[in-house]
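Undergrad:
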Amino acid sequence: MSDILAFDLGASSGRAILGKLVNGKITTEELHRFPNDPVQVGDRLYWDLLRLYHEIKQGLLKAKHNGAELSSIGIDSWAVDYGFIAEDGSLLGNPLHYRDRATEGKMEQLFAEIPAEEIFARTGIQFLTFNTIYQLYARKQNQSPELGAAAHFLMIPDLLRYFLTGEKYNEFSNATTTQLYNPTTRQWDAELIARLGLPVEWFGEVLEPGALAGRLQPSVQEELGVGPIPVYAVAEHDTGSAVVAVPALEKSFAYLSCGTWSLLGTEIDQPIINEEAQRLNFTNEGGFGGTFRLLKNIMGLWILQECRREWEREGKSYSFPELVGLAGEAKSFASFINPDDPSFLAPGDMPERVKDYCVRTGQAVPEQPGEIIRCILESLAFTYRNVLELTERISGQTFSGLHMVGGGIHNTLLCQWTANALGKPVWAGPAEGSALGNLAVQWIAQGEIQDIWEARRIIRDSFPVTDYKPEDVAAWDDAYRRFLQVTGSSSN
Ligand code: LFR
Numbered sequence: 001m002s003d004i005l006a007f008d009l010g011a012s013s014g015r016a017i018l019g020k021l022v023n024g025k026i027t028t029e030e031l032h033r034f035p036n037d038p039v040q041v042g043d044r045l046y047w048d049l050l051r052l053y054h055e056i057k058q059g060l061l062k063a064k065h066n067g068a069e070l071s072s073i074g075i076d077s078w079a080v081d082y083g084f085i086a087e088d089g090s091l092l093g094n095p096l097h098y099r100d101r102a103t104e105g106k107m108e109q110l111f112a113e114i115p116a117e118e119i120f121a122r123t124g125i126q127f128l129t130f131n132t133i134y135q136l137y138a139r140k141q142n143q144s145p146e147l148g149a150a151a152h153f154l155m156i157p158d159l160l161r162y163f164l165t166g167e168k169y170n171e172f173s174n175a176t177t178t179q180l181y182n183p184t185t186r187q188w189d190a191e192l193i194a195r196l197g198l199p200v201e202w203f204g205e206v207l208e209p210g211a212l213a214g215r216l217q218p219s220v221q222e223e224l225g226v227g228p229i230p231v232y233a234v235a236e237h238d239t240g241s242a243v244v245a246v247p248a249l250e251k252s253f254a255y256l257s258c259g260t261w262s263l264l265g266t267e268i269d270q271p272i273i274n275e276e277a278q279r280l281n282f283t284n285e286g287g288f289g290g291t292f293r294l295l296k297n298i299m300g301l302w303i304l305q306e307c308r309r310e311w312e313r314e315g316k317s318y319s320f321p322e323l324v325g326l327a328g329e330a331k332s333f334a335s336f337i338n339p340d341d342p343s344f345l346a347p348g349d350m351p352e353r354v355k356d357y358c359v360r361t362g363q364a365v366p367e368q369p370g371e372i373i374r375c376i377l378e379s380l381a382f383t384y385r386n387v388l389e390l391t392e393r394i395s396g397q398t399f400s401g402l403h404m405v406g407g408g409i410h411n412t413l414l415c416q417w418t419a420n421a422l423g424k425p426v427w428a429g430p431a432e433g434s435a436l437g438n439l440a441v442q443w444i445a446q447g448e449i450q451d452i453w454e455a456r457r458i459i460r461d462s463f464p465v466t467d468y469k470p471e472d473v474a475a476w477d478d479a480y481r482r483f484l485q486v487t488g489s490s491s492n
C-alpha cells in the first residue's frame, strides 16, 4: 500500500503528515513541523510564503529519507489570503496576512457601492472584514502596484501547488471564502468582480477537491531527487478538510473545528442564503463533494494565544497547560467577553483588551492571568452554545451533541466547559482534523476509500474520541443568560 502526504498549514505552524491506510485503519506520522511566523514590515503584516514553500520541500525530503513511496500529496491552509502571478509566471510580492489592518473600515465603504444584501445574495458568505473581497478593494483604493502587473489570482495553497507543479488552478473550498464566488452558478461571480474594477480573467479554473492538479514539475523532481509525484486538489481550506474528518456516522451533525479560530456549524447540501442567515452572519463555505458548511467564525483560542505571547513579551512565560490550570483555579463566571468583538482581531496586547472590554461593559475586571484566561474560556464555551442554537434554528435541525475536532481538544477544560454550557455531550477527536481530511480526500480520489461517509467511519475506527458529559448544568444555564446580556449576543 502506497503512502500519501498531507501538508496542513495553520496560522502559527505547519506540518507534513504521512498517512497510511492498512486494513481499514489509518495511521499517521508527523514527518515535519515548522513555525509559520507572520512578518511585520512597517505597517504591513505578511506571510512568509517562500519560507512555507521551502518547508514543504523539506517535508518532501523527509518523506523520501523515511523511505515513503508517495502516491500523492495535498496541501490545505487557512482561507481568504492570496498572491498575484505575473504574465511571465513570477510571484508579485508577498501575500498579506488577513490580520493586516489595511482592511479596517473597507467592508462598510464597499457597502456604499455594492449593498451588503447583494454581496450575500451572490455569495452566501459571512461578512468578515478580512474576506478577500475587502482585501482587494483596499488594494484597489491604495493603487497597489501589483495590480498593474497581475495576470493570475491564486490563494495560498494554489500558490504552493503552482510552485510545485507549474500549473495555475484555483480550488473550490477556498475560492468560496473570497466572497467573490457564486455557489448558485458554481462560478466566480464575474459581475461582482467587474464591479470591484478587477479583471475577471485573473480568476482561473476552479478545481473540485479530489481533482488531480498536476505532478511535481521537472525542476522540483531534480532538486529533491524524487519522481513526478501527483498533486491533488483537496478541500484546501483547512476548515473544509477538518469537516471531512469529523467522525460522524449520521448525516445531521454539528461540529466545532477548534484551533486558532473556532468554526461552529453543520454540513448541508445546498447553501442557505436568506435574510436570517445574513442577519446572523452565517456563512456557506464550499466543501468536499459539493457540500456546504453552514457555520460562523468565532475568534477562538487566538485571544488566549495572544495573551500568552503578550505575557512572554513582558518576560513571564506560561505554557498552555499552566494557563489552563490557573484558569481552573480562578473564580467562575466573574466576567465575560464577546470573543468576536472587533478589538480582539488584530495582534497585540490582548490581556489589556480583555480588561478594557470588561471596563466598557461595567463588569469586574480580571487582573491575574488565571482570571483572564477563565473569562476567555467560559466566554468561548457560551459563544459555542449561542452559535449552536442559531445553527439549529437556521438549518431547522436539532443536534444531540457537538463533535469537536482540531488542536483545541487538547484543552480538556474547554471541552468540559463546552459540554456544561451546551447541556449536551461533546465528542472530542481527532485533534489532527485538517490533515486527516486532507489525506481522506486523496484516498477517495485514488479509489482507496469509497466516499466521505466511509472516510468518516474509518477515521472514527482509527482515532480515539473522548466523551464529555455535561455537569453543573443549572449553574451554567444561569450564567449563560448573564453572558447574553453582557455581550449583547443575539439569541434570536
Ligand atoms: C481557520 C480558518 C478559518 C478562516 C480563517 C482565516 O484556520 O481557515 O476558516 O475564516 O482561518 O482564513
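In our numbering, the protein residues as written are 1 to 492. Backbone N, C-alpha and C fix where the C-beta goes; we use that ideal spot for every residue, glycine too. What you are looking at is a predicted structure, and each value in this text was computed from that prediction instead of being measured.
State buried or exposed for GLU55, treating a residue as buried only when at least 16 other CB atoms are found within 10 Å of its CB.
TA: In the sequence shown, counting from the first residue as 1, residue 55 sits at position 55. Label assigned to GLU55: buried.
Undergrad: Are there 16 or more other CB atoms within 10 angstroms of the CB of THR466, so buried, or fewer, so exposed?
TA: The sequence position of residue 466 within the sequence shown is 466, counting from 1. It counts as exposed.
Undergrad: According to DSSP, is LEU128 part of a helix, a strand, or is it coil?
TA: Taking the first residue of the sequence shown as position 1, residue 128 is located at position 128. Note: LEU128 maps to coil in three-state DSSP.
Undergrad: If I'm right that MET107 touches TYR134 with Cβ under 8 Å, what's the distance once you round it to whole angstroms?
TA: Within the sequence shown, residue 107 is the residue found at index 107, counting from 1. Within the sequence shown, residue 134 is the residue found at index 134, counting from 1. Rounded, the Cβ-Cβ distance is 5 Å, consistent with contact.
Undergrad: Tell me whether LYS20 sits in a helix, a strand or coil according to DSSP, three-state version.
TA: As a first step, residue 20 must be located in the sequence shown, where it is residue number 20. Three-state DSSP puts LYS20 in a strand.
Undergrad: Take the Cβ of GLU386 as the centre, count every other Cβ of all protein chains shown within 10 Å, and call the residue buried at 16 or more, exposed below.
TA: Here the question's residue 386 lines up with position 386 in the sequence shown. Correcting the residue identity first, residue 386 is Asn in this sequence and not Glu. Answer is buried; the Cβ neighbour count reaches 16.
Undergrad: From this set, GLN217, THR132, TRP188, LEU212, which residue's C-alpha is nearest PHE203's C-alpha?
TA: For this step, residue 203 is matched to residue 203 along the sequence shown. Ranking GLN217, THR132, TRP188, LEU212 by Cα distance to PHE203 puts TRP188 first.
Undergrad: Is the closest heavy atom of the ligand LFR to the C-beta of SER136 under 8 Å?
TA: Numbered from 1 along the sequence shown, position 136 holds the residue referred to as residue 136. One point to set straight first is that residue 136 is Leu, not Ser, in the sequence displayed. The answer is no for LEU136.
Undergrad: Measuring alpha carbon to alpha carbon, tell me which residue in THR398, THR165, ARG460, GLY315 is nearest PRO430.
TA: Within the sequence shown, numbered from 1, the residue matching residue 430 stands at position 430. Selected option, being the one with the closest Cα: ARG460.
Undergrad: Give a single yes or no on whether ASP88 has its beta carbon closer than 8 Å to a heavy atom of the ligand LFR.
TA: Working through the sequence shown from its first residue, we reach residue 88 at position 88. Answer for ASP88: no, Cβ out of range of the ligand LFR.
Undergrad: Tell me which same chain residues have a C-beta within less than 6 Å of the C-beta of TYR98, skipping the five on either side of it?
TA: Residue mapping note: residue 98 aligns to position 98 of the sequence shown, counting from 1. Closer than 6 Å at Cβ, skipping near neighbours: VAL80, ASP81, PHE130.
Undergrad: Just the C-alpha distance for TYR255 and VAL405, rounded to the nearest angstrom, thanks.
TA: Taking the first residue of the sequence shown as 1, we reach residue 255 at position 255. Taking the first residue of the sequence shown as 1, we reach residue 405 at position 405. For TYR255 and VAL405, the distance between alpha carbons rounds to 8 Å.
Undergrad: Could you tell me which of LEU18, GLY67, PRO95 sits nearest to VAL39, measuring between CA atoms?
TA: On the sequence shown, position 39 is the one that residue 39 refers to. Nearest of LEU18, GLY67, PRO95 to VAL39, Cα basis: PRO95.
Undergrad: Assign HIS152 to buried or exposed, taking buried as 16 or more other Cβ atoms, counted over all protein chains shown, within 10 Å of its Cβ.
TA: Position 152 of the sequence shown, counted from the start, is the residue given in the question as residue 152. By the 10 Å Cβ count, HIS152 comes out buried.
Undergrad: Does any heavy atom of the ligand LFR sit closer than 8 Å to the C-beta of THR383?
TA: Sequence index remark: in the sequence shown, residue 383 carries index 383 (1-based). No, the Cβ of THR383 stays beyond 8 Å of every heavy atom of the ligand LFR.
Undergrad: Quick one: what's got a C-beta closer than 7 Å to PRO271's C-beta in the same chain, skipping five residues either side?
TA: Your numbering for residue 271 matches position 271 in the sequence shown. GLY124, PRO183, ASN284, PHE292.
Undergrad: Can you check DSSP and say which residues form a bridge with ASN338?
TA: In the sequence shown, the residue the question calls residue 338 occupies position 338. Note: ASN338 sits in no beta bridge, so no partner.
Undergrad: Taking 9 Å as the threshold (C-beta atoms), are PHE288 and GLY210 in contact?
TA: In the sequence shown, counting from the first residue as 1, residue 210 sits at position 210. In the sequence shown, counting from the first residue as 1, residue 288 sits at position 288. In this structure, PHE288 lies closer than 9 Å to GLY210 by Cβ.
Undergrad: Distance check for MET350 and LEU91, CA to CA, integer angstroms please.
TA: Within the sequence shown, numbered from 1, the residue matching residue 91 stands at position 91. Within the sequence shown, numbered from 1, the residue matching residue 350 stands at position 350. Going by the C-alpha atoms only, they are around 34 Å apart.
Undergrad: Please list the terminal residues of the continuous beta strand (DSSP E) segment that includes GLU104.
TA: For the purposes of this step, residue 104 is taken as the residue at position 104 of the sequence shown. Run containing GLU104: none; DSSP gives neither H nor E here.
Undergrad: Beta carbon of VAL324, beta carbon of LEU413: below 9 Å?
TA: Mapped onto the sequence shown, residue 324 falls at position 324. Mapped onto the sequence shown, residue 413 falls at position 413. Closer than 9 Å, so yes.
Undergrad: For TYR468, which three-state DSSP category applies?
TA: Residue numbering aside, residue 468 sits at position 468 when the sequence shown is read from its first letter. If DSSP states are grouped into helix, strand and coil, TYR468 belongs with the strands.
Undergrad: Assuming ALA11 contacts THR260 under a Cβ cut-off of 8 Å, what Cβ separation, rounded to an integer in Å, is found between them?
TA: To locate residue 11, count along the sequence shown from 1; it is residue 11. To locate residue 260, count along the sequence shown from 1; it is residue 260. With 8 Å as the limit, ALA11 and THR260 qualify as a contact, their Cβ atoms being about 5 Å apart.
Undergrad: In angstroms with no decimal places, state the Cα-to-Cα distance between LEU18 and LYS62.
TA: Residue mapping note: residue 18 aligns to position 18 of the sequence shown, counting from 1. Residue mapping note: residue 62 aligns to position 62 of the sequence shown, counting from 1. When rounded, the distance between both Cα atoms is 10 Å.
Undergrad: Can you give me the Cβ contacts of LEU49 inside the same chain, cut-off strictly under 7 Å, excluding the 5 residues immediately before and after it?
TA: Residue mapping note: residue 49 aligns to position 49 of the sequence shown, counting from 1. The residues are GLY83, ASN94, PRO95, LEU159.
Undergrad: For LEU9, which residues does DSSP report across the bridge?
TA: As a working note, residue 9 is residue 9 in the sequence shown. DSSP lists GLY14 as partners of LEU9.
Undergrad: When the Cα of ALA334 is compared with those of VAL354, SER317, PHE344, which residue comes out closest?
TA: On the sequence shown, residue 334 is found 334 positions in, with the first residue counted as 1. The shortest Cα separation from ALA334 among VAL354, SER317, PHE344 belongs to VAL354.
Undergrad: For TYR46, which beta-bridge partners are listed by DSSP?
TA: In the sequence shown, residue 46 corresponds to position 46, counting from 1. For TYR46, which the question treats as bridged, DSSP gives the partners VAL39, LEU96.
Undergrad: Considering only DSSP beta bridges, list what SER262 is partnered with.
TA: Translated into the one-based positions of the sequence shown, residue 262 becomes position 262. According to DSSP, which records beta bridges pairwise, SER262 is partnered with CYS258, ILE298.
Undergrad: Quick check on ASP478: buried or exposed, where buried means 16 or more other Cβ atoms within 10 Å of its Cβ?
TA: By 1-based counting over the sequence shown, the position of residue 478 is 478. Classification for ASP478: exposed.
Undergrad: Assuming the contact rule is C-beta atoms closer than 8 Å, ILE268 and PRO157 should be a hit. Round their C-beta distance to whole Å, please.
TA: For the purposes of this step, residue 268 is taken as residue 268 along the sequence shown, with counting starting at 1. For the purposes of this step, residue 157 is taken as residue 157 along the sequence shown, with counting starting at 1. Wrong, their Cβ atoms sit about 24 Å apart, outside the cutoff.
Undergrad: Check ALA138 in the structure and name its three-state DSSP category.
TA: Here residue 138 corresponds to residue number 138 of the sequence shown, with the count starting at 1. Here ALA138 sits in helix by DSSP.
Undergrad: Quick check on the DSSP output: the beta strand (DSSP E) that includes GLY286 runs from which residue to which?
TA: Position 286 of the sequence shown, counted from the start, is the residue given in the question as residue 286. Its beta strand (DSSP E) spans residues 283-286.
Undergrad: What's the call for VAL371, buried or exposed, on a 16-neighbour Cβ count within 10 Å?
TA: Taking the first residue of the sequence shown as position 1, residue 371 is located at position 371. In the sequence on display, residue 371 carries Glu and not Val. GLU371 comes out buried.
Undergrad: Starting from VAL359, follow the alpha helix (DSSP H) in both directions and report where the run begins and ends.
TA: Sequence index remark: in the sequence shown, residue 359 carries index 359 (1-based). 350-360 is the extent of the alpha helix (DSSP H) around VAL359.
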